[in-house]
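Here's the structure, in structure tokens; my notes come after.
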Amino acid sequence: MIQLEKDVLLKRHSHYQIGGPAKYFFQLTGSDNLEEVYEKIKILALPVFILAGGTNILFPDKGWEGLVIKVANNFIKKENDFWRIGAGTTMADILDYAVSDGFSGLEWAGGLPGTLGGAIFGNAGAFGGEIKNSVIETVSWDFSQRAPNFIQRKKDDCQFSYRSSIFKTKPQEIILEVKLKFEKGEAKKIKKSIQEKINYRKKYQPLEYPNAGSIFKNIDLRKIPKNLLAFVKPAIKMDPQAVVPAAFLLDQAGLKGETIGGAMISPKHPNFFVNLGEAKAADVLGLIELAKEKIKKQFQLALEEEIIIIK
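Under the working numbering, the first residue of the sequence shown is numbered 4, with each subsequent residue one higher.
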């Protein structure tokens, strides 16, 4: 029998440590009967939000007047040079397995927080790599239809793009598992590469504070006005296409250290807006609007949020 929790504080399920209570909360594991889940959703007749690792999300201070389903199916099944992995499996666990068995392909994800499902949802990427490059197939469930109603998609059907996928247009679907491909490599080299990414994050990102990772997407170089090209040239990087880091623009606009309430634009990495301890969602939203307005006024560029904002 499916057991729902009531009035669960969402701040406990968010890396930001911000957010009020969810009216109902449920953790979906691999052993749950999806028909029962479907019936429960139908009976409640409330909005449903699917939660992955909670690493890039801002919940409202008032909470969520609906059902939050946290995907917690955690498994790794190795099948030759590809693995079937539960969407609730953390990226850290996947990398640990990759190192122990000497499989290469996800080194770029060293230090990446969150789960595989969340990485697929937003086509996570770093250091020139993206999760889409390792995907063979995804399996999701449309919870608006009576279970079992599984949807299998090959990589191309997932419509991956920069920090996006088809799943951002499918709020009624839950990613259940993913088939990833790997290449055989040398465990020592794989471990070293992963550790280098972890060390970089520790050095240049404000991991000492609760945060939600990058607030804004980097800007495609093709969207930069010609009169700004010389100005941004030193900052251009491959991600994996040529982009201008949002952090560069935020820095140049003098936004480092700006504070509203308990939230601050990190002096260490200005595309991280950190929780100093008692931040409210309203504080973070205030900083987001401040940053967008200043960048628009100073550079005539529109910043686009990478963080998921729940209202």
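Idealized CB from N, CA, C, for every residue including glycine.
query: From this set, Val247, Gly132 and Gln244, which residue's C-alpha is nearest leucine 109's C-alpha?
result: Residue numbering aside, residue 109 sits at position 106 when the sequence shown is read from its first letter. Nearest to leucine 109 by alpha-carbon distance, out of Val247, Gly132 and Gln244, is Gly132.
- prompt: Would the stretch 134-152 and the stretch 58-70 be scored as touching if the rule is three or more Cβ pairs under 8 Å?
  reply: Note that the stretch 134-152 does not touch the stretch 58-70; fewer than 3 beta-carbon pairs, one per stretch, sit closer than 8 Å.
query: From serine 143 to glutamine 244, what distance separates their C-alpha atoms?
result: Counted from its first residue, the sequence shown places residue 143 at position 140. Counted from its first residue, the sequence shown places residue 244 at position 241. It is roughly 28 Å from the alpha-carbon of serine 143 to the alpha-carbon of glutamine 244.
message: Let me confirm a value: aspartate 84 is counted as buried when at least 16 other C-beta atoms fall within 10 Å, else exposed. Which label applies?
response: For the purposes of this step, residue 84 is taken as the residue at position 81 of the sequence shown. By the neighbour-count definition (other C-beta atoms within 10 Å, threshold 16), aspartate 84 is an exposed residue.
query: Per DSSP, methionine 241 forms a beta bridge with which residues?
result: As a first step, residue 241 must be located in the sequence shown, where it is residue number 238. Answer by DSSP bridge pairing, in chain order: Ala245.
message: My output table needs one value for glutamine 162: the three-state DSSP class, helix, strand or coil.
response: Taking the sequence shown and counting its residues from 1, the one referred to as residue 162 is at position 159. Residue state, collapsed to three classes: coil.
- prompt: How long is the line joining the alpha carbons of glutamine 208 and isoleucine 201, rounded to whole angstroms?
  reply: Residue mapping note: residue 208 aligns to position 205 of the sequence shown, counting from 1. Residue mapping note: residue 201 aligns to position 198 of the sequence shown, counting from 1. Taking C-alpha positions only, glutamine 208 is separated from isoleucine 201 by approximately 10 Å.
task: Give me the Cα-Cα distance between phenylalanine 146 and glutamate 176, rounded to the nearest whole angstrom.
output: Walking along the sequence shown from the start, residue 146 turns up at place 143. Walking along the sequence shown from the start, residue 176 turns up at place 173. Phenylalanine 146 and glutamate 176: Cα-Cα distance of roughly 6 Å.
- prompt: Can glycine 265 and alanine 282 be called in contact, C-beta distance under 7 Å?
  reply: Position 262 of the sequence shown, counting from 1, holds the residue named residue 265. Position 279 of the sequence shown, counting from 1, holds the residue named residue 282. Taking a C-beta distance under 7 Å as the contact criterion, glycine 265 and alanine 282 qualify as a contact pair.
message: Less than 7 Å between the C-beta atoms of phenylalanine 52 and valine 74, yes or no?
response: Locating residue 52 in the sequence shown gives position 49, where the first residue counts as 1. Locating residue 74 in the sequence shown gives position 71, where the first residue counts as 1. Judged by their CB atoms, phenylalanine 52 and valine 74 are not nearer to each other than the 7 Å cut-off.
field: Close Cβ partners of glutamate 189 (< 7 Å) along its chain, the five nearest in sequence each way excluded
entry: Numbered from its first residue, the sequence shown carries residue 189 at position 186. Within the same chain, Cβ atoms closer than 7 Å to the Cβ of glutamate 189 are found at Gly105, the five residues on either side in sequence being excluded.
message: Assess contact between the stretch 96-104 and the stretch 39-50, defined as three or more Cβ pairs (one per stretch) separated by less than 8 Å. Is contact present?
response: Counting Cβ pairs under 8 Å, fewer than three are found: no touch.
- prompt: Any idea what DSSP makes of arginine 149, helix, strand or coil?
  reply: Against the sequence shown, residue 149 aligns to sequence position 146. Assignment of arginine 149 by DSSP, reduced to helix, strand and coil, places it in the coil class.
- request: Kindly list the residues whose CB is nearer than 7 Å to the CB of proline 270, restricted to its own chain and excluding five residues on each side of it in sequence; keep chain order.
  value: Within the sequence shown, the letter at position 267 stands for residue 270. Around proline 270: Lys259 and Gly260.
- prompt: Short check: CB of alanine 238 to CB of phenylalanine 251, under 7 Å?
  reply: By 1-based counting over the sequence shown, the position of residue 238 is 235. By 1-based counting over the sequence shown, the position of residue 251 is 248. For alanine 238 and phenylalanine 251, yes; Cβs fall inside 7 Å.
message: Taking its Cβ as the centre, do 16 or more other Cβ atoms sit within 10 Å of asparagine 230, making it buried, or is it exposed?
response: Sequence index remark: in the sequence shown, residue 230 carries index 227 (1-based). Exposed, by the Cβ-count rule.
message: Three Cβ pairs or more, each shorter than 8 Å: is that satisfied between the stretch 166-174 and the stretch 86-93?
response: The answer is no - the stretch 86-93 does not touch the stretch 166-174, with fewer than three Cβ pairs under 8 Å.
query: Which value, in whole angstroms, describes the spacing of the CA atoms of lysine 187 and serine 107?
result: Here residue 187 refers to the residue found at position 184 when the sequence shown is read from its first residue. Here residue 107 refers to the residue found at position 104 when the sequence shown is read from its first residue. Answer to the nearest angstrom: the Cα atoms are 6 Å apart.
message: Which residue marks the beginning of the alpha helix (DSSP H) containing lysine 26, and which one marks its end?
response: Taking the first residue of the sequence shown as position 1, residue 26 is located at position 23. In the DSSP annotation of this structure, lysine 26 is not part of any alpha helix (DSSP H); the continuous beta strand (DSSP E) holding it starts and ends at 24-31.
- prompt: In three-state terms, what does DSSP make of phenylalanine 234?
  reply: Locating residue 234 in the sequence shown gives position 231, where the first residue counts as 1. Looking at phenylalanine 234 - three-state DSSP - the assignment turns out to be helix.
field: Sequence ranges, alpha helix (DSSP H) only - wholly within the stretch 155-226, length at least 4
entry: Runs of alpha helix (DSSP H) with 4 or more residues, each lying fully within the stretch 155-226, are found at 190-207, listed in chain order.
message: From the DSSP secondary-structure annotation, give me the bridge partner or partners of methionine 267.
response: By one-based count along the sequence shown, residue 267 stands at place 264. Answer is Thr262 and Val277, bridged to methionine 267.
query: If you draw a straight line from the alpha carbon of leucine 183 to that of glutamine 301, how long is it in whole angstroms?
result: Here residue 183 corresponds to residue number 180 of the sequence shown, with the count starting at 1. Here residue 301 corresponds to residue number 298 of the sequence shown, with the count starting at 1. About 43 Å.
message: Please return the same chain residues whose Cβ sits closer than 6 Å to the Cβ of aspartate 10, not counting the five positions on each side in sequence.
response: Counting from one through the sequence shown, the residue named residue 10 turns up at place 7. Setting aside the 5 residues that flank it on each side, aspartate 10 is surrounded in the same chain by Pro24, each with a C-beta closer than 6 Å to its C-beta; the list follows chain order.
message: Among the candidates Gln20, Trp111 and Phe276, whose CA atom is the shortest distance from the CA of phenylalanine 219?
response: Numbered from 1 along the sequence shown, position 216 holds the residue referred to as residue 219. Shortest Cα-Cα distance from phenylalanine 219 to any of Gln20, Trp111 and Phe276 involves Phe276.
- request: Could you tell me the boundaries of the alpha helix (DSSP H) in which isoleucine 298 lies?
  value: Stepping through the sequence shown from its first residue, residue 298 is reached at position 295. Segment 284-302, the alpha helix (DSSP H) holding isoleucine 298.
- request: Taking 7 Å as the cut-off, decide whether the C-beta atoms of isoleucine 310 and asparagine 126 are in contact.
  value: Mapped onto the sequence shown, residue 310 falls at position 307. Mapped onto the sequence shown, residue 126 falls at position 123. Against a cut-off of 7 Å, the Cβ pair of asparagine 126 and isoleucine 310 comes out as no contact.
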